[in-house]
Amino acid sequence: MLDISTWFNDLLAGNVIFTADTLGYYWEGLVTTTQLVFLSLIAGLILAVPLAIMRSSKHKWISLPVYLYTYVFRGTPLLIQLYIIYYGVVFIDGIQESFLWPVLREAFYPALIAFTLNTAAYTTEIFRGAIKSTAQGEIEAARAYGMSQNLMMRRIILPSAFRRALPAYGNEVIFMLHASAIASVVTLMDLTGAARFVYARYYAPFEAFLFVAAIYLCLTFAILFFFRYLEKKLLAHLRPQDA
Amino acid sequence: MIDLQGYGPRLIEGAGVTVQLAVLSLILAIILGLLTASAKMSRNWFLRRTATVYTTLIRGVPDLVLMMLLFFGGQIGVNAISDMLYYSYDIDLYINFNAFAAGVLTIGFIFGAYMGETFRGAFMAVDNGQIEAGKAYGMSSSLVFRRIRFPQMMRHALPGLSNNWMVLLKTTALVSVIGLTDMVRVAAEASRATHEPFTFLLPVAVAYLLIASVSEWIFARLQKHYDIGFGGQ
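Protein chains in written order, with full-length UniProt numbering: chain A, 1 to 243; chain B, 1 to 233.
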């Protein structure tokens with residue numbers, strides 16, 4: 001038993017990544033990244049559904065503000081959005097006295113807000129495309145059944161639009177995972193932040209960044225396979241039939 | 001007008017850096033993309049494999065991580081090479097690993113992978129009969145590429161190309177993190193120094209929108225040019 005442990009110690013001596021300390025940093029980074037990405041995606045999704053419905057409205061005064069929002073958030077770098085919210089939140093009048101301050105003072109929440117608004121903008125456009133491409137026949141059929149606009153949205157348009165949006169939404173999830181790396185810029189210890197810390201501490205850029213790149217690669221593949229599985233399940237009716 | 005508190009000239013310089021960086025990376029990305037697309041369609045097994053590994057790896061890792069790997073690792077790598085040259089061949093060469101070059105290389109390298117996919121699809125969309133007709137006229141394969149494949153491919157590639165360009169433009173903001181003074185870095189520094197984040201960050205956001213709108217117009221013109229002979233669409 002002792003032999004194995006000395007052998008193991010020898011093996012690990014001299015490398016900076018596979019030590020309990022550094023793996024601990026990476027683990028914490030993984031937790032932060034996952035929380036950030038997961039929470040912002042959920043919140044973004046919740047925001048995007050009503051926004052996409054508004055965006056596909058026939059009334060200009062409903063669709064135009066949403067269009068402006070998506071145009072601005074898709075047209076500017078996420079880093080700028082993050083800076084504006086991170087540095088700007090202090091300057092909202094009375095924020096420092098309000099009950100929200102202890103929460104907003106942490107870097108995590110400004111980052112979460114920036115990511116949420118960004119992904120909501122992209123998701124809105126994805127959903128809008130899917131809603132627009134609803135087959136005209138389905139809408140006519142729904143009308144012929146005497147469905148109201150609301151009922152038609154709920155029962156006919158949205159369910160099929162969600163399915164059609166799935167492949168594009170999968171890309172957005174991966175994009176969000178990669179974009180979350182900039183959280184490290186505002187002092188958050190996400191995966192990239194952990195890699196920067198390990199790099200600075202041991203001056204080992206190749207080890208630190210290649211290891212974190214491998215983690216991101218695994219996460220990307222996990223998301224990819226999850227969405228492939230979902231597509232297989234939910235879009236089964238669109239696949240060519242086996243003879 | 002907004003009071004930029006003396007940061008105006010530096011902001012404009014920063015905008016220049018952003019545009020230069022974006023255009024140079026775009027050129028590198030297009031060259032790499034064409035190479036990748038050709039490798040993916042080649043009959044050589046090894047080339048195909050290499051291109052697939054390249055595009056998969058690049059698209060699976062965040063841009064910022066790749067950038068930091070190249071930027072922080074690059075200087076060490078370059079030093080190792082110049083040390084080797086000094087000790088083995090007595091050549092005294094100090095290469096300063098420049099942040100701008102690192103930025104162009106990483107962004108070009110990343111978007112080369114995306115461009116590769118765009119170009120591959122576009123090349124496959126060119127009717128094979130066109131290429132055969134070129135050969136029947138006795139054109140060499142490079143002439144076929146220049147006169148027939150490339151101009152017709154561009155028509156299909158332009159929408160994807162313009163998409164990639166928009167994403168690339170926004171990605172250039174990341175170089176501010178590794179120490180390049182593009183307009184984002186100037187604005188961030190100015191906001192920290194003056195405690196007026198909106199004064200500096202909002203104009204920069206508008207500048208990005210402006211560059212995006214101008215390039216949208218250019219791409220529309222290009223599309224019109226490459227659509228000639230295809231009857232509208």
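Just so you know, even glycine gets a beta-carbon here, dropped at the ideal spot from N, CA and C.
- At a beta-carbon threshold of 9 Å, the residues of chain B lying near A/Arg-196 are Met-68, Phe-72, ordered along the chain.
- Taking C-alpha positions only, B/Ala-187 is separated from B/Phe-230 by approximately 46 Å.
- When the five nearest sequence neighbours on each side are left out, the beta carbons in the same chain lying within less than 8 Å of the beta carbon of A/Phe-197 are those of Tyr-25, Met-189, in order along the chain.
- Ranked by Cα distance from B/Ser-191, the first of B/Leu-201, B/Asp-182, B/Met-183 is B/Leu-201.
- With respect to A/Leu-177, A/Val-31 sits apart: the two C-beta atoms are not nearer than 8 Å.
- Of all residues in the stretch 163 to 193 of chain A, the ones placed with a Cβ closer than 7 Å to any Cβ belonging to chain B are His-178, Ala-181, Ile-182, Val-185, Thr-192, in chain order.
- Nearest in C-alpha terms to A/Ile-53, of all of A/Asn-171, A/Pro-77, A/Ala-43, A/Val-66, is A/Val-66.
- Within the stretch 197 to 231 of chain A, the residues whose Cβ lies closer than 8 Å to some Cβ of chain B are Tyr-199, Pro-205, Phe-206, Phe-209, Leu-210, Val-212, Ala-213, Tyr-216, Leu-217, Thr-220, Phe-221, listed in chain order.
- B/Asp-92 sits in coil when the DSSP states are folded into three classes, being neither helix nor strand.
- Boundaries of the alpha helix (DSSP H) harbouring A/Pro-50: 20 to 55, taken from the DSSP string.
- When C-beta atoms of the stretch 72 to 81 of chain A are compared with those of the stretch 127 to 146 of chain A, fewer than three pairs fall below 8 Å, so the two segments do not count as touching.
- Sequence-ordered contacts of the stretch 94 to 112 of chain A with chain B are nonexistent [C-beta pairs closer than 9 Å].
- For B/Ala-80, none of the residues of chain A pass the 8 Å Cβ criterion, the least Cβ distance being about 11 Å.
- Setting aside the 5 residues that flank it on each side, B/Gly-33 is surrounded in the same chain by Gly-112, Met-115, Gly-116, Phe-119, each with a C-beta closer than 6 Å to its C-beta; the list follows chain order.
- Under a criterion of Cβ atoms nearer than 8 Å, the residues of chain A adjacent to B/Asp-63 are, in order, His-178, Ala-181.
- For the options B/Gly-134, B/Met-124, B/Leu-66, the alpha carbon positioned closest to that of B/Ile-110 is the one of B/Leu-66.
- Scanning chain A for C-beta atoms nearer than 8 Å to the C-beta of B/Ala-220 yields nothing, as the closest lies near 16 Å away.
- Taking C-beta atoms as the reference points, B/Ala-133 and B/Met-153 fail to come closer than 8 Å.
- Here A/Leu-166 has Phe-227, Leu-230, Glu-231, Leu-234, Leu-235 as same chain residues with Cβ atoms under 8 Å from its own Cβ, once five neighbours each way along the sequence are excluded.
- Per DSSP, the continuous alpha helix (DSSP H) segment holding A/Tyr-83 begins and ends at 78 to 88.
- In this structure, B/Ala-15 keeps its C-beta atom at 8 Å or more from the C-beta atom of B/Leu-168.
- Taken in chain order, the complete alpha helix (DSSP H) segments of 4 residues or longer contained in the stretch 61 to 120 of chain B are 63 to 89.
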